[in-house]
Amino acid sequence: MMRPRKTMIWNVLLLLPYLFAHESQSEAVITAYNDIGLAPVDPEIADTVDWSRHACRRTCRNDAPPLDCYYTFKLESYETMSKACYDCPFNITDCFRPHCVPADGIRRSLLVVNRQLPGPPIEVCQGDMIIVDMINMLHSGSTTMHWHGQHHLVSPYMDGVPYISQCPIPPGGTFRYKYIATEGGTHFWHSHLGFQRGDGVFGPLLVRVPPAVNWHKDLYDFDEFTLVVADWVHELSDSMFLAHHHANGTNKAPNLLINGLGRYTHMRDENETLADMPVLTFDVQPNSRYRFRLINAEFLNCPIEVSVDNHTLLVISSDGGDIEPVQAESLVSYAGERFDFIVETNQPVDNYWMRFRGLMDCDERFLSAYQVAILRYEGAPDGNPDVEVSYDRVRNDSYGLQVNALNEGTESNNSISMPMLNAMDSDDASNSREPDYQFYISYDFYAKDNPSFHRKNLYGFHQVKDHKQRLFTPQLNHISMKLPSFPLLSQRDLIQPDQFCNSSTVEECEKNFCACSHVLQVKMNSVVELVLVDEGFTFDANHPFHLHGYQFRVVAMERVGHNITVAEVKEMDRRGLINRKLKKAPLKDTVTVPDGGYTILRFFADNPGYWLFHCHIEFHAEIGMSLIFKVGEHEQMLPVPPNFPKCGDWSRKDGHSGADDPVDKTYTQNDETYVKNLQNLRNNTIPMIPTIPTIPTIPTINATRQVPASVDLLVTIDHLVKLWPRFMGELLHRRPSSASGPSATLLPIMLACLVSFVVNLRSL
Ligand SMILES: [Cu+2]
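Whatever position you read off the sequence shown (first residue = 1), add 5 for my numbering.
Okay, structure coming up:
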C-alpha cells in the first residue's frame, strides 16, 4: 500500500513532464494587460480593480515558467439596478459603471462576488498556481467555492464541496483556496452551497494551454470570447425553491442572461421614454476565426440551444476535453457543461444574432426563456440586426446537425450525441481495460412522503387536497443524500463504521422515503463503469450529471422510449443490444442522460478521496440527488493540511463529537453570572442545549425510543413508597380546616400509581 507522502511525490513527478514538455509553435491572440494579481490583492480594492486585466491572462508559451495568480473574492448580498447604475439603460454607458449589475433591468436581490455578475474571470495558463482568498461577507449564510473542471489530484481539500472536502466558510470568515491549474480548457467556478450559484455566484475559469499541447491551435485566430449563460429569475432562489416545493410557485425561469446581460421587457422612465437593456456584443473582424468558450452556469432545468444566424459552429472541445472538430448548426448545453466552438466571420459585413434558446422547463410550454447577443462585424452599424428575434427559430440543417440534442442519443439520425464525438487525447486505462466495477444508477421523480415536503398523516403525498400540491422527489437508486455534519475527507477520523449506505444496505426504499449518506466505494486504480438510467415515468425531464475529481469517457447514450426500467437496460446489455463506443470516447465531466434512456460512463479511479457525483440542477442536488464515490482507503488519501478548519455536531452528551467539554475550555473570564450559569448547567437546573441527533445509521427511520417498562415500574414503586406515609398520616390526623380532606387530593394520585404499577407489571 502506498503511503500518502509517497503518493503525493509520485503525483508531482507525473505532473512535471506534462507541464514542461513543450515546444514552440503558433499562438492565438491574447491581449496582454498589466500586473494585477501577481501578489495578494488588498480586499479594500478587490471590488474596484478590473479583474479581466489580471497579469495571468496572457498568451501561454511553451517555455514560460508558471505564475502564482492571486485573486480576492468578496461575497456579498447585493441588488441589481442599484444606485450605482444611475440612468441605465437610458444612458447605456451607465450600465457599465463599476458596481452596476444591470442583469435584465428587473430589480431583485442577488449574491455577487466583487459586485460583478458574472464574478471576476480567472484566466491562467496550465501549470499556474491559483490562489483565491474567499471572503464571506454575507450577513447570514456560509459558502464554499468549487472549481468546476479541476481535479485536484494533489489538492483534494480545495474542491470546495461542503461536508465533503471542507467545512462551509462561515459569515465573516475567509478561506484561501490554493491549487495548480492542471486541467486545461474552459471551466468555471461557482458556489457549491445551497442555491447560491442561481443567485449569481459564478464566474469563468479558463485554463489555456501552451501551443505544444493545444490540438486545435491552428483552427482559430482569436481566443478572447467567453459566453457565460445563466437562467435568470426575478427573486432569490431560496424563496423560489420554497414556493415551488410547497406548492405556491414555479420552478421555471422566465429569462436568460449572457455574461450578466440580457433583455426582458422594454424599460420605461418617468417621462415614458422607452429603452432596451444592453445585450452582449462581440466586435469581430471579417474573415477571421474566433474561439468562443461557452459556460453553462444554470441552476434550473433549462438546457440551452446555441446558434449564430448565418454562421456555423465548429465544435472543438467540451468540458476541457478536446474532440475531433465537428461542424454543427447549433449545440445544446446542460447545466455544468462547457463547449468551445469556432465561428468564422465569412459573411457580409453586418450584425448577426447569437441566439440562446431555453429548452425543457424554459420552453414554449412555460415561459419561453431566450436571450441574444450580437456578432458585430467591423464596419457594421451600431444597433440590432435587422432580423426580428423571438423564442422561435428555424433550424438550418444544411449547416450541419445539432450537437448534444435534448433527449437524443446514438439512436438519432438528426443529431450528434456525445459518444459519436472522438476524443483527441489517446485512449487510456478508462476505455481500454475491462471495468473492475459496474454500478447502475437509476433515477426518476418518486411519489413518496419526503418529510421535507409531505408529512405522513398530516399532509402526506396522497393526502393533500389538490394533486398540484404533490411534490415528487428525485432520488438516485431510491436514496436521498444526507450529508454528514463534518467533511468526510478532512475529518475522516470521525467516520463511523455504519455511517454509509447504498442500495445494497437499505431495504424497501422503493416504497418508503430513505435518506442516508449514499457512498459507492472503489479501490484505487480500478476502472469504474456507471450506467445511468433515467427511468422517465413521472415527467419528461432531463438531468445533467457532474463527477468531481475526474473526467470520464462517455461510451454510450441512447433514448430507448418514453420510459425504461433498470431491468430492461440490463436485459438489453445481456442480449448485446448496447453498443459501447470505447475507442476515442470523448472525455467530459458533466453529461446528460436521455429521458427514458441511459448514458454509460467509464473512469479510471486514480484520484483518492471522497468525490461528489450529482445532478447539476441545484433544486435537485440540494434535496439529495447526489452520491459520493469513496476512492481508495483513508491512508491513500493525502494528509490533511495543518490547521485545516474543522466543524461538526456538538452536544454535551455526544461522546464522539469531542471528548473535551467546550464550556470548560472556553471559560476564561471571571464573570459571576457566567459561573452561576455554568453551575446551573452542570446541575441541570436550566434547560439543556437540545441534543442534536448523531449521524443516523441505515436506514434512517427509527422508532421513537421507548422507556423500558421495568424503569417505569421502579418509578411507580418509588412514588407509592413516598406517598404512603403522607397519605396515612393525613388520613389519621384529619384537619378540620381542610374541607375536602387529604383523600380528595392524594387518593387519585395513589390510585393512578397503583394502576400504573399493575400495567407495568403486566408488560414486563
Ligand atoms: Cu436533476
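For each residue, glycine too, the CB sits at the ideal point set by N, CA and C.
Because the structure is a prediction, the values reported are computed rather than measured.
For I622, verify whether its CB is less than 7 Å away from any heavy atom of ligand 1.
Checking the Cβ of I622 against ligand 1 gives yes.
Residues that N260 bridges to, as DSSP identifies them
In DSSP, N260 forms a bridge with W237.
Would you decide whether K79 is buried or exposed? Buried here means 16 or more other CB atoms lie within 10 Å of its CB.
It is buried - the Cβ of K79 has at least 16 other Cβ atoms within 10 Å.
When you compare only the Cα positions, how much space is there between I111 and A217?
C-alpha separation (whole angstroms): 46 Å.
Where the alpha helix (DSSP H) containing L43 begins and where it ends
For L43, there is no enclosing alpha helix (DSSP H), since its DSSP letter is neither H nor E.
At what residues does the alpha helix (DSSP H) containing K575 begin and finish?
Taken as a continuous stretch (DSSP letters only), the alpha helix (DSSP H) holding K575 covers 571-579.
Among the residues of its own chain, which have a CB less than 7 Å from the CB of F624, if the five just before and after it don't count?
Counting only Cβ-Cβ distances below 7 Å, and skipping sequence neighbours, we find F246, N256, L305.
Nearest residue (CA-CA) to G3, options Q480, D68, V527
A query on residue 3 cannot be resolved here, the shown segment of the chain reaching from 6 to 769 and no further.
Does the region 163-172 touch the region 644-656, meaning 3 or more C-beta pairs lie closer than 8 Å?
A contact exists between the region 644-656 and the region 163-172.
Nearest-angstrom Cα separation, counted from N67 out to D204:
Each residue's alpha carbon lies about 39 Å from the other.
Which residues bound the alpha helix (DSSP H) around M245?
Start and end: 242-250.
Just to confirm the assignment, what range does the beta strand (DSSP E) spanning F518 have?
For F518, there is no enclosing beta strand (DSSP E), as DSSP gives it neither H nor E.
With a Cβ-Cβ cutoff of 8 Å, do H197 and T149 count as a contact?
Their beta carbons are under 8 Å apart, which means H197 touches T149 by this criterion.
DSSP three-state call for Y464: helix, strand or coil?
In this structure, Y464 counts as coil in the three-state DSSP scheme.
Test item: CB-CB of S147 and P175 under 8 Å:
Between S147 and P175, the C-beta gap is smaller than 8 Å, which places the two residues in contact.
The alpha helix (DSSP H) enclosing F624, as first and last residue numbers
Counting along the chain, the unbroken alpha helix (DSSP H) around F624 starts and ends at 623-626.
Here's the rule I'm using: 16 or more other beta-carbon atoms within 10 Å means buried, otherwise exposed. How should L463 be labelled?
Around the Cβ of L463, a 10 Å sphere holds fewer than 16 other Cβ atoms; the residue is exposed.
State whether the region 356-375 contacts the region 256-266, with contact taken as three or more CB pairs (one from each stretch) at a distance under 8 Å.
Under the three-pair Cβ rule at 8 Å, the region 356-375 counts as touching the region 256-266.
May I have a chain-ordered list of the alpha helix (DSSP H) segments no shorter than 4 residues that lie completely inside the region 419-482?
Complete alpha helix (DSSP H) runs here, min 4: 434-437.
Give the DSSP-derived three-state secondary structure of F101 in the structure shown.
Here F101 sits in helix by DSSP.
Using a 10 Å radius around the Cβ and a threshold of 16 neighbouring Cβ atoms, would you call K470 buried or exposed?
Flag for K470 reads exposed.
For S447, I'd like the list of residues in its chain whose CB is within less than 7 Å of its CB, leaving aside the five on either flank, ordered along the chain.
If we look at S447 and ignore the five residues flanking it on each side, its Cβ neighbours are N482, V538, E540, V571.
Express the C-alpha separation of D391 and V166 in angstroms, rounding to a whole number.
If you take the alpha carbons of V166 and D391, they lie about 46 Å apart.
Please report the straight-line C-alpha distance between L158 and H553, rounded to a whole angstrom.
If you take the alpha carbons of L158 and H553, they lie about 11 Å apart.
Helix, strand or coil: which one does DSSP assign to R687?
With a pLDDT of 46 at R687, under the threshold of 50, the modelled position of that residue is not reliable, and the figure given next carries that caveat. Looking at R687 - three-state DSSP - the assignment turns out to be helix.
So if DSSP puts P175 in a beta bridge, which residue, or which two residues, is it bridged to?
In the DSSP secondary-structure assignment, P175 is not bridged to any residue.
I need the straight-line Cα distance from S322 to D449, nearest angstrom please.
Taking the straight line joining both Cα atoms gives about 30 Å.
Specify whether the region 301-321 and the region 346-363 touch according to this definition: at least 3 beta carbon pairs, one from each stretch, less than 8 Å apart.
With a cut-off of 8 Å, the region 346-363 and the region 301-321 count as touching, because enough Cβ pairs lie within range.
Where DSSP assigns a beta bridge to A378, which residues make up the other side?
A378 pairs with M359.
I'd like the list of long-range same chain contacts for W616, defined as Cβ closer than 6 Å, with 5 residues on each side in sequence excluded.
Here the set comprises H553, G554, F634.
Expressed to the nearest angstrom, what Euclidean distance is found between the alpha-carbon atoms of V511 and I622?
Counting only the Cα atoms, I622 lies some 26 Å from V511.
Compute the beta-carbon to beta-carbon distance between G465 and H459, rounded to the nearest angstrom, for a pair I have assumed lies under 8 Å.
Correct: roughly 5 Å between the Cβ atoms.
Report the rounded CA-to-CA distance for E513 versus E534, giving the unit in angstroms.
Their backbone Cα atoms lie some 26 Å apart in a straight line.
Tell me whether I500 sits in a helix, a strand or coil according to DSSP, three-state version.
It is coil, neither helix nor strand.
When DSSP labels each residue in this structure, what does K88 get in the three-state scheme?
In this structure, K88 counts as helix in the three-state DSSP scheme.
By DSSP's criteria, N141 is part of a beta bridge. Which residues make up the other side?
Beta-bridge pairing links N141 to L80.
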